[in-house]
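Reading through the structure tokens given below for one structure.
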Amino acid sequence: MRKLSTSMLSYYKKHGLFDQLLGRDESSSSSLSMSPFQRSVFSFFLLFAVYEEVVPDFSIAGGDLSGFILSDEKPATSIFASPRTCHEYFFGAGYPPAELIGDMQRSAPLELNLHAHIAMQQLNMIQKSGKTTVAGLQRILDLVQTTKKRYSARFKVVEFPCESNMKFLRSDLSATSILNAVLIDTLDSLGSLLQDENIVQQLVAAHGELLHCVFQLVNLSNPRLTWRVEWLAYVALTWSADEIHVEWLLDKLGDSRYVMLFRHKTGYNRQIT
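Per the working numbering, the sequence shown runs over residues 2 to 274.
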């Protein structure tokens, strides 16, 4: 996957495809120049590839493609914006107004998901480099807190789910869980560098939010958890002090590799009865 990622990035740069997506090369005469509809489809593909490439296990960064796109909010948000008009370009004036409204409603949860992956990738890069500094971690902390403030409405949807917002609940739960998992790991790393009681309080709050989200995600994922939900459940498990929560999460993780990792890391050997 890493070789494929490097090759894809090299090819896109060689043919100026990123310049076209970012609006830097509107007059390109290349045989690979794209129409607005083609840009939208290509952006969909790029985002799919990037999301699949970013490995949630911290310290394992994604490949060159995700590193390039998610290294900064500006290119990532530009690429994200392009597919939003894909269906309008394809259907033209015949695009149903109800579908257009649906696109607008889906936009905020998808934006939040993008920013969650940006935060996750940037933390992965810091940890992979082995140069974990207060300044670097503070930058991630600021990014997560700014994102949570900007999309506070999505966090309210997760906190108080109701029938009217169930349509996008899974997407909201996934994105908010990722952000809280990133926040937990960032605060934990900061706590090893700084002695600050406020960090402990933030950790407890972030874990409470993550546990709430994971509980809902697990219930929506029956009978089997996806590998991304498994990772989120593992982060919640690692920070759980309540034995009931621990046993419940271990039960839901089943034979996941995260169970063995947790037992090895903590020495927890109690078997579920």
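Where a beta carbon is used, it is the ideal one built from N, C-alpha and C, also for glycine.
Keep in mind that this is a model prediction, so the values were computed, not measured.
Are the CB atoms of residue j and residue i within a distance shorter than 8 Å?
i, j, result
"residue 208", "residue 240", "yes"
"residue 66", "residue 42", "no"
"residue 55", "residue 121", "yes"
"residue 117", "residue 179", "yes"
"residue 231", "residue 254", "yes"
"residue 145", "residue 195", "no"
"residue 9", "residue 21", "no"
"residue 109", "residue 171", "no"
"residue 83", "residue 151", "no"
"residue 11", "residue 64", "no"
"residue 211", "residue 185", "yes"
"residue 238", "residue 247", "yes"
Nearest CA to the CA of residue i: which residue from the options?
i, options, result
"residue 183", "242, 157, 235", "235"
"residue 74", "48, 115, 198", "115"
"residue 173", "213, 10, 123, 141", "213"
"residue 217", "148, 162, 154", "162"
"residue 3", "99, 53, 19, 160", "53"
"residue 229", "249, 257, 141", "257"
"residue 14", "138, 238, 69, 119", "69"
"residue 149", "137, 181, 140, 199", "181"
"residue 204", "158, 249, 142", "142"
"residue 243", "269, 137, 202, 132", "269"
Round the Cβ separation of residue i and residue j to the nearest angstrom and send it over; I've been treating them as touching at under 8 Å.
i, j, result
"residue 113", "residue 176", "4 Å"
"residue 124", "residue 81", "Contact doesn't hold; Cβ gap of about 20 Å is too wide."
"residue 23", "residue 72", "With 8 Å as the limit, residue 23 and residue 72 do not qualify as a contact, their Cβ atoms being about 14 Å apart."
"residue 107", "residue 169", "7 Å"
Measuring only between beta-carbons, confirm whether residue i sits less than 8 Å from chain D.
i, result
"residue 190", "Considering every chain present, this structure includes no chain D. It has just one protein chain."
- Report the residue ranges of all alpha helix (DSSP H) runs contained in full by the stretch 189-255; include only those spanning at least 4 residues, in chain order. Segments of the alpha helix (DSSP H) lying fully in the stretch 189-255: 198-221, 228-239, 244-254.
- Report yes or no: do three or more beta-carbon pairs, one from the stretch 127-145 and one from the stretch 183-194, lie closer than 8 Å? Segments in contact, yes.
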